[in-house]
Amino acid sequence: MQKIAFIILALVYFLNVFGQSPSFKTYMNPVIPGDHPDCTITKVGKDYYTTGSSFNVTPVIYHSTNMVHWEAIAQPVSASWMGFDDKPGGGCWGGHIVYYNGKWWDFFSRGNVMHFVKADKPEGPWSAPTKVNNPSTLPYGLGYDNSIFIDDNNKWYLVVKNGQPNGGIVELGSTGQPTGVVYDLKWLNPSPALPYSWAEGPVMWKYKGYYYYSFARDLSGGQKSMRSKTLTADQAAWEMMGDFFNESDPLKSGSLFSAPNHASNTVMIGDSTSWVIHPVYAKGEWKGQGRQGLLNQVRYNASGRPIADYPVNKSFTAPKLPSSGIPWMVPKSDNFSTAKLHPEWSSLGYTASGKNSLTERPGWLRLSPKSTIKGNTVTKYDGEHNYSLITRLDFAAKSNNDQAGLRLLRGDETKFVKLVSSLNAEGKKVIVFSFESTIHQVENTVGDTLWLKMVRVNHSITGYFSGDGNNWTQVGQPFDVSVIDSYSDFSSFTGTLQGLYVQGAGNAYFDLYIYRDAYTPILAECPANQFGTTKVSVGSGISVLDNIHNNDWALYAGVEFGNTDYKAAPDSVEFTASGITSGGKIEVWLDSIDSGIKVAECTIGNTGSWSTFKKFKAPVTAISGSHDVYLKFVGAGTAKLFQLKWMNFIKKSLPTTTSTGMGKPGDLSIYPNPAKDRISIYSGFPFNTVEIFSINGKMVFQERNEATQNSILNLHLDNGVYVLKVSSEKDVASSKLMIEL
Numbered sequence: 053m054q055k056i057a058f059i060i061l062a063l064v065y066f067l068n069v070f071g072q073s074p075s076f077k078t079y080m081n082p083v084i085p086g087d088h089p090d091c092t093i094t095k096v097g098k099d100y101y102t103t104g105s106s107f108n109v110t111p112v113i114y115h116s117t118n119m120v121h122w123e124a125i126a127q128p129v130s131a132s133w134m135g136f137d138d139k140p141g142g143g144c145w146g147g148h149i150v151y152y153n154g155k156w157w158d159f160f161s162r163g164n165v166m167h168f169v170k171a172d173k174p175e176g177p178w179s180a181p182t183k184v185n186n187p188s189t190l191p192y193g194l195g196y197d198n199s200i201f202i203d204d205n206n207k208w209y210l211v212v213k214n215g216q217p218n219g220g221i222v223e224l225g226s227t228g229q230p231t232g233v234v235y236d237l238k239w240l241n242p243s244p245a246l247p248y249s250w251a252e253g254p255v256m257w258k259y260k261g262y263y264y265y266s267f268a269r270d271l272s273g274g275q276k277s278m279r280s281k282t283l284t285a286d287q288a289a290w291e292m293m294g295d296f297f298n299e300s301d302p303l304k305s306g307s308l309f310s311a312p313n314h315a316s317n318t319v320m321i322g323d324s325t326s327w328v329i330h331p332v333y334a335k336g337e338w339k340g341q342g343r344q345g346l347l348n349q350v351r352y353n354a355s356g357r358p359i360a361d362y363p364v365n366k367s368f369t370a371p372k373l374p375s376s377g378i379p380w381m382v383p384k385s386d387n388f389s390t391a392k393l394h395p396e397w398s399s400l401g402y403t404a405s406g407k408n409s410l411t412e413r414p415g416w417l418r419l420s421p422k423s424t425i426k427g428n429t430v431t432k433y434d435g436e437h438n439y440s441l442i443t444r445l446d447f448a449a450k451s452n453n454d455q456a457g458l459r460l461l462r463g464d465e466t467k468f469v470k471l472v473s474s475l476n477a478e479g480k481k482v483i484v485f486s487f488e489s490t491i492h493q494v495e496n497t498v499g500d501t502l503w504l505k506m507v508r509v510n511h512s513i514t515g516y517f518s519g520d521g522n523n524w525t526q527v528g529q530p531f532d533v534s535v536i537d538s539y540s541d542f543s544s545f546t547g548t549l550q551g552l553y554v555q556g557a558g559n560a561y562f563d564l565y566i567y568r569d570a571y572t573p574i575l576a577e578c579p580a581n582q583f584g585t586t587k588v589s590v591g592s593g594i595s596v597l598d599n600i601h602n603n604d605w606a607l608y609a610g611v612e613f614g615n616t617d618y619k620a621a622p623d624s625v626e627f628t629a630s631g632i633t634s635g636g637k638i639e640v641w642l643d644s645i646d647s648g649i650k651v652a653e654c655t656i657g658n659t660g661s662w663s664t665f666k667k668f669k670a671p672v673t674a675i676s677g678s679h680d681v682y683l684k685f686v687g688a689g690t691a692k693l694f695q696l697k698w699m700n701f702i703k704k705s706l707p708t709t710t711s712t713g714m715g716k717p718g719d720l721s722i723y724p725n726p727a728k729d730r731i732s733i734y735s736g737f738p739f740n741t742v743e744i745f746s747i748n749g750k751m752v753f754q755e756r757n758e759a760t761q762n763s764i765l766n767l768h769l770d771n772g773v774y775v776l777k778v779s780s781e782k783d784v785a786s787s788k789l790m791i792e793l
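Quick note, my numbering runs 52 ahead of the 1-based positions in the sequence shown.
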């Protein structure tokens, strides 16, 4: 499968450099789903970076090569920085990563005080925050929601906002501290009139010899711009250009995302097109997800006024840039096989160091409560309307206050959905599924090590548990979480979050985190990206993917098919569809249409009426790992082919490891994996023999010792795939080991 993955990435890269695949020619907003407020953007060579406010969770730097596909690469400020608060709204305001004089810098505000951190590369490691001194020549503080502008002569500036009437441009020196040269723009939004409300989030860029300065009005929306031939504080030199976004777009009234503002600076690519990243709340029932990251093209009219596309509900032409194999930005599955948490994970509020570990028990995330009265959560942004979270948990509760498992929370941290392992008032092991004052409990018949699954279908959340990750038991009834999804929090400003949670006195160990399980039905109305298709309601809170025509397509991102910790593989794929025509075919592609690998082709026939849905099935070729799944629709003529309600991959029956003892067979972790010459192994039972076999069954390593659950091995093996087996007189477990020198 490694070779297949390499071929996929190579093909994706080739087609995006020398001819875009259909799946990369267009995009639907948002490109960064979930809360991405106050975003900025920086272009360095062929790479693009964006970051912004974090408010509570630790800030994240995203990287892209085409501004459509983004990946989290760094957290510039550690959750253990004493400057954070451990409460909603206790994080960073603003944020701008830039490359200046051979160093990477990230400027941000905390508690209305500006700071910067530095690094030799954008992935870090990043320095501890340094406070930016307020220049005596500026009659107000440096404030917040600021950005960085680097001029053609390599001078750089902090573009400042503090309160409603105060804004300016502050020159920085080589140390990142102000030089004392300032341009006070107090005339832009004077008090008491305040013509632009807050005139917040100022950004700057240069175009055809002009300095452009753009700013947002306030949360109600609106973005303005002005320009000047010189960098000056003289009001007469600045020309007000008016609205930045195309407020006259005829599709504006029906747009899901309205009142865009707080936009980034623009960036220009090789074909001279300009682009902007900006955050916008969705309307109504999904506003609770926070300000999502949208991408739009900027065009200059004959008068030099920049006009950005309004974020209407349609497919936009993508920048002509290579994606370089970066998948669509949704929360990713994690096997916890690295030494540090992936930067996509954020700690919730200030978190002292040592409260999580990936090395104590290789292959598992150890999560510890912050105190006996305060739990600990690691989170990802909850950016989509349909997914199935899965984790494997090892947790020994001692009281009914001890809990560990999956958690979904509203940004203000007043409402939670929790699916946890715990004890009831009588001291019996239970699985608890709760929301507000409603608590569902079932007896835990599995033990301390078990599987948990939380499934979202729009506003409905359902909880399950399992002993093997295959056979699931529902816990109580689903919860309607509309009160979470529709809530806009203008105090802490944080959108909905999902993640892993522990509280009480004990440590929790998590073996994996799956975002979208291939073997849990996937709602067709919820693609991350699509071309040509739309959704139409069919009642009961469910819509269908409609207006499906020849060569239309839809993307379902981050689908997990199985890995070393989640033993699964697909046998077939099943579609629930309806139609009254001769139908057509659904081609299933991994990671890209045409340039990826087609793994299935399913024929959809006539069901008798548009309201009659039937299941259609097709075999699937071998798949493992996490992939973006593209459905390409193929049929004759120009008429609508069919409607699609669900997609579901059917799991193949796989042999399981057996045990005659009381250990935990299959509970075997190897770190690092892939490895070079030294590994740590952990088993759920004491073992006294370690054996390693080549792929053709030849034993290449054997070691016998006294019984232990942990061992460190020094190996001298060639590149390749091996099977490592540990055993005792009663138990045996094995796992794949990869050697990459």
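Ideal Cβ placement from N, Cα and C applies to all residues, glycine included.
What does residue i pair with, by DSSP beta-bridge criteria?
| i | result |
| --- | --- |
| R279 | Y264 and E291 |
| C578 | Looking at the DSSP assignment, C578 forms no beta bridge with any residue, so it has no partner. |
| G636 | I656 |
| E436 | None, per the DSSP bridge assignment. |
| W327 | V319 and Q349 |
| Y608 | V681 |
Excluding five sequence neighbours on each side, which residues of the same chain lie with their C-beta closer than 8 Å to the C-beta of residue i?
| i | result |
| --- | --- |
| N766 | D729 and R730 |
| T390 | L410 and P724 |
| K637 | E653, C654, T655, I656, F685, V686 and G687 |
| I744 | M751, V752, F753, Q754, L767, L769, Y774, V775, L776, K777 and L789 |
| T712 | Caution applies to T712, whose pLDDT of 32 falls short of 50 and renders its modelled position unreliable; the value that the coordinates give is listed next. Answer for T712: K782 and D783, listed in chain order. |
Once you ignore the five residues that flank residue i on each side, which residues in its own chain have a CB closer than 6 Å to its CB?
| i | result |
| --- | --- |
| G715 | Summary for G715: the model assigns pLDDT 35, below 50, so the residue's position carries little reliability; its value from the coordinates is reported in the next sentence. Here the set comprises G736, F737 and D783. |
| G147 | T103, G104, P111 and F160 |
| S763 | I733 |
| N453 | G556 |
| D623 | I702 and K704 |
| Y333 | K339 and R343 |
| F583 | T78, S367, D604 and W605 |
Assuming contact is defined by CB atoms lying nearer than 7 Å, are residue i and residue j in contact in what I supplied?
| i | j | result |
| --- | --- | --- |
| G220 | V234 | yes |
| T659 | G677 | no |
| N317 | G274 | no |
| V527 | V494 | yes |
| P35 | V350 | Outside the displayed span of the chain (53 to 793) sits residue 35, for which this structure offers no information. |
| K667 | E626 | yes |
| Q455 | Q555 | yes |
| D537 | G342 | no |
| K384 | G610 | yes |
| L190 | N198 | no |
| S73 | I675 | no |
| D500 | D446 | yes |
Run the CB neighbour count on residue i, radius 10 Å, all protein chains shown included, and call it buried at 16 or more, exposed below.
| i | result |
| --- | --- |
| K703 | buried |
| K777 | buried |
| H167 | buried |
| M751 | exposed |
| K392 | exposed |
| I425 | exposed |
| S40 | As displayed, the chain neither begins before 53 nor continues past 793, which places residue 40 out of reach and without an answer. |
| W416 | buried |
| P230 | buried |
| D99 | exposed |
| E324 | The displayed chain sequence assigns Ser, not Glu, to residue 324. Label assigned to S324: exposed. |
| L793 | exposed |
| K407 | buried |
| G689 | exposed |
In chain order, what residues of the same chain have a beta carbon less than 7 Å from the beta carbon of residue i, not counting five sequence neighbours either side?
| i | result |
| --- | --- |
| K139 | G401 |
| K304 | Y362 and V364 |
| V328 | A315, S316, T318, N348, V350 and A360 |
| S413 | Looking at the sequence itself, residue 413 is Arg, so the reference to Ser does not match. Within the same chain, R413 has close Cβ partners Y561, S721 and Y734. |
Below 8 Å, can you find three or more Cβ-Cβ pairs linking the segment 510-517 to the segment 528-545? By the C-beta criterion, the segment 510-517 is judged to be in contact with the segment 528-545, since at least 3 inter-stretch pairs fall below 8 Å.
Closer than 8 Å is the cut-off here; do at least three beta carbon pairs connect the segment 475-491 with the segment 560-577? Too few Cβ pairs lie closer than 8 Å, so no.
Between the segment 163-179 and the segment 285-294, can you find at least three pairs of beta-carbon atoms closer than 8 Å? The count of Cβ pairs closer than 8 Å, one atom from the segment 285-294 and one from the segment 163-179, stays below three, leaving the stretches out of contact.
Should the segment 80-90 be called in touch with the segment 425-435, which here means at least 3 C-beta pairs below 8 Å? Output reads yes: the segment 425-435 touches the segment 80-90.
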